[in-house]
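Down below is the structure, laid out as C-alpha cells.
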Amino acid sequence: MTYNQAQQICLRLKLHPAQKKMCLSSLGISSTLLDSVRLSVVECQANFKFDRWNCSLGKPRINMLNKGYKETAYLHALTSSSLVHTFSRACAQGRLDRCTCDESFSASKNKEAWLWGGCGDNIQYGMKFARRFLRWMRKSLDLQATADSHNSDVGIRVVRNGINKTCKCHGVSGSCTVQTCWRQLANFHEVGSDLKSKYDSAVKVVVSANQSTGKGQLTKRRKNSVQSNPKKGDLVFLEKSPNYCEPTAFGHGTTGRVCDLNKNCDILCCGRGYNIHTRIVDKPCHCQVIWCCHVKCQRCSVREDIYTCK
Numbered sequence: 481m482t483y484n485q486a487q488q489i490c491l492r493l494k495l496h497p498a499q500k501k502m503c504l505s506s507l508g509i510s511s512t513l514l515d516s517v518r519l520s521v522v523e524c525q526a527n528f529k530f531d532r533w534n535c536s537l538g539k540p541r542i543n544m545l546n547k548g549y550k551e552t553a554y555l556h557a558l559t560s561s562s563l564v565h566t567f568s569r570a571c572a573q574g575r576l577d578r579c580t581c582d583e584s585f586s587a588s589k590n591k592e593a594w595l596w597g598g599c600g601d602n603i604q605y606g607m608k609f610a611r612r613f614l615r616w617m618r619k620s621l622d623l624q625a626t627a628d629s630h631n632s633d634v635g636i637r638v639v640r641n642g643i644n645k646t647c648k649c650h651g652v653s654g655s656c657t658v659q660t661c662w663r664q665l666a667n668f669h670e671v672g673s674d675l676k677s678k679y680d681s682a683v684k685v686v687v688s689a690n691q692s693t694g695k696g697q698l699t700k701r702r703k704n705s706v707q708s709n710p711k712k713g714d715l716v717f718l719e720k721s722p723n724y725c726e727p728t729a730f731g732h733g734t735t736g737r738v739c740d741l742n743k744n745c746d747i748l749c750c751g752r753g754y755n756i757h758t759r760i761v762d763k764p765c766h767c768q769v770i771w772c773c774h775v776k777c778q779r780c781s782v783r784e785d786i787y788t789c790k
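Each residue of the sequence shown is one higher than the last, beginning at 481 in our numbering.
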C-alpha cells in the first residue's frame with residue numbers, strides 16, 4: 481500500500497481529525513482499519529440477513545449511529561470488537577510498527593509441562609488501540625455518549641473473554657511430553673454471534689442521578705418500577721426502533737428482499753405478502769464415492785422457487 485492509497489482510505493472512513501491522524505500515522509494502521517471495517521460489515525450483514533434491518537450501509541448507517549436504537553448499540557459493540565480483533569491479530573502478524581506477538585506469558589511454565597511460546601494475538605495492544613481510537617467519537621457527556629461508550633466496552637469485553645489457549649505438542653515419536661502454548665482470539669463469527677444474542681436481549685435504559693456522585697448514570701426500569709444498573713455485558717439502548725418495513729433514513733425497507741417461506745416471510749414482508757419467482761439452476765446430483773477418496777457427481781437441472789417481499 482502507498483501513502484496516497486492510505487490517504488484515500490482515511491478520507492473514505494470519514495474520521496474525526498484525531499482519528500484521521502492516527503489512521504495516517506502508518507500504512508499498517510490504515511490498512512488494518514480498512515480490514516476492521518470490512519470484517520464488521522460482513523459479520524453484521526450475515527447476522528441480520530433474515531431481519532427487517534439488514535445492516536444497511538452508507539447514509540443509513542451514519543444516521544443510525546446518531547440514534548439510540550438497539551441497532552445503534554449493536555453497531556458500536558461490533559465496531560469496537562472488530563477493532564480489537566483486527567489490531568490484535570495484525571500485531572502477531574508483524575503488520576504494525578512498535579507492537580509484536582503477545583508475550584505476557586513468555587517466561588512461565590506450569591506443572592502440566594506446557595510452555596507459553598509461539599506467537600499469540602496481542603489482545604492488550606488491540607484493546608488499547610480500540611479505546612484510544614474510539615474515545616474521539618464520544619467526547620460529550622450526554623446520555624447518548626454514555627450509552628455508546630458502554631456498548632463499545634461490551635464489544636471489547638466479548639473479544640477479551642473469547643481468548644483461547646492453543647497448544648502444539650513436542651516430543652519423541654509423536655509423544656506430547658511438552659506443549660508450546662499461546663493465546664489466540666476466537667473466530668470473529670463467534671464474536672458477532674455473541675453480540676447478536678446480546679442485541680436480542682438488549683436493555684432499554686434511562687438516565688438517573690448517582691446518589692454518591694450526583695452525576696448521570698444509565699439505569700434500566702423493571703416492570704415493578706424498581707430501577708437497577710444494567711450489567712456490564714448488556715447492550716443498552718435509549719429509544720424504540722422503527723419497524724424498518726418502509727424506506728427511511730435508517731434503512732431501505734423490505735420490498736424486494738428475499739425471504740424463507742418456512743421461516744420469516746410473514747415477518748420480513750410486514751404483512752404485505754410476497755412474490756414467487758421460479759428459476760432453473762444446475763446442481764450436483766446422483767453422487768457416488770469412487771474408491772477411495774473421490775466423489776463423482778452428475779449435474780441436474782432443478783426448479784427453484786424464490787420468494788421476495790412485495
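Idealized CB from N, CA, C, for every residue including glycine. The structure presented is a predicted model; accordingly, all values stated were derived computationally and were not measured.
Item                                                                                                                                                            : Value
Flag this pair as yes or no: are the beta carbons of His556 and Asn631 separated by less than 7 Å?                                                              : yes
Applying the criterion that 16 or more other CB atoms from any shown protein chain within 10 Å of the CB defines a buried residue, is Leu490 buried or exposed? : The question names Leu, yet the displayed sequence has Cys at residue 490. Buried: at least 16 other Cβ atoms inside 10 Å.
Does Gly635 pass the burial test, meaning 16 or more other C-beta atoms within 10 Å, or should it be called exposed?                                            : buried
I need the boundaries of the alpha helix (DSSP H) containing Ser673, first residue and last residue.                                                            : 668-680
Looking at the secondary structure, which residues open and close the beta strand (DSSP E) in which Thr646 lies?                                                : 644-650
I believe Arg560 touches Leu614 by the beta-carbon criterion, under 8 Å. Please report the beta-carbon distance rounded to the nearest angstrom.                : For the record, residue 560 in the displayed sequence is Ser; it is not Arg. That pair is a contact at about 6 Å.
Just the Cα atoms here: how many angstroms apart are His496 and Val517?                                                                                         : 16 Å
Per the DSSP calculation, Val791 is bridged to which residue(s)?                                                                                                : Missing from the structure shown is residue 791; the chain here goes from 481 to 790 and no further.
Would you call the CB atoms of Lys550 and Tyr679 closer than 7 Å?                                                                                               : yes
Classify Ser655: buried if its beta carbon has 16 or more other beta carbons within 10 angstroms, exposed otherwise.                                            : exposed
Tell me the rounded alpha-carbon separation between Val638 and Val671.                                                                                          : 6 Å
From which residue to which residue does the alpha helix (DSSP H) around Cys765 run?                                                                            : Not the alpha helix (DSSP H): Cys765 falls in the beta strand (DSSP E), residues 754-770.
Who are Lys711's beta bridge partners in DSSP?                                                                                                                  : None; Lys711 has no bridge partner.
Starting from Asn512, follow the alpha helix (DSSP H) in both directions and report where the run begins and ends.                                              : Looking at the sequence provided, one finds Thr at residue 512 rather than Asn. Run containing Thr512: 507-527, per the alpha helix (DSSP H) assignment.
Excluding the 5 residues flanking Leu576 on each side, which residues of the same chain have their C-beta closer than 6 Å to its C-beta?                        : Gly508, Ala570
Assuming Leu675 and Val685 form a contact by the criterion Cβ under 8 Å, report the distance between their Cβ atoms to the nearest whole angstrom.              : No, Leu675 and Val685 are not in contact; Cβ-Cβ is about 18 Å, not under 8 Å.
For Cys503, which residues of its own chain have a beta-carbon under 8 Å away from its beta-carbon, when the five flanking residues on both sides are left out? : Ala486, Ile489, Cys490, Leu493, Leu495, Ile509, Ser510, Leu513
To the nearest angstrom, how far is the alpha carbon of Gln624 from that of Gln659?                                                                             : 48 Å
Does the distance from the CB of Cys789 to the CB of Cys739 come in under 7 Å?                                                                                  : yes
To the nearest angstrom, report how far apart Trp596 and Asn644 are at their CA atoms.                                                                          : Caution applies to Trp596, whose pLDDT of 48 falls short of 50 and renders its modelled position unreliable; the model cannot decide the point.
Roughly how many angstroms separate the alpha carbons of Ser520 and Lys648, rounded to a whole number?                                                          : 30 Å
Relative to the alpha-carbon of Val761, which residue among Asp746, Arg752, Ile786 has its alpha-carbon at the smallest distance?                               : Ile786
In the structure shown, what three-state DSSP assignment does Cys745 receive?                                                                                   : helix
Write down the C-beta distance between Phe609 and Leu563 rounded to the nearest angstrom, noting that I regard them as a contact closer than 8 Å.               : 7 Å
According to DSSP, is Arg779 part of a helix, a strand, or is it coil?                                                                                          : strand
Less than 6 Å between C-beta atoms, sequence neighbours within five positions excluded: which residues of the same chain meet that for Cys765?                  : Gln778, Cys780
Between the alpha carbons of Asn709 and Lys700, how many angstroms are there, rounded?                                                                          : 6 Å
May I ask you to report which of helix, strand or coil DSSP gives Gln573?                                                                                       : coil
Going by DSSP, what residue range makes up the alpha helix (DSSP H) through Arg663?                                                                             : Unbroken run through Arg663 is the beta strand (DSSP E), 658-664; no alpha helix (DSSP H).
Just verifying my parser: in three-state terms, what is the DSSP assignment at Thr788?                                                                          : strand
Could you compute how far the alpha carbon of Lys539 sits from the alpha carbon of Arg663?                                                                      : 38 Å
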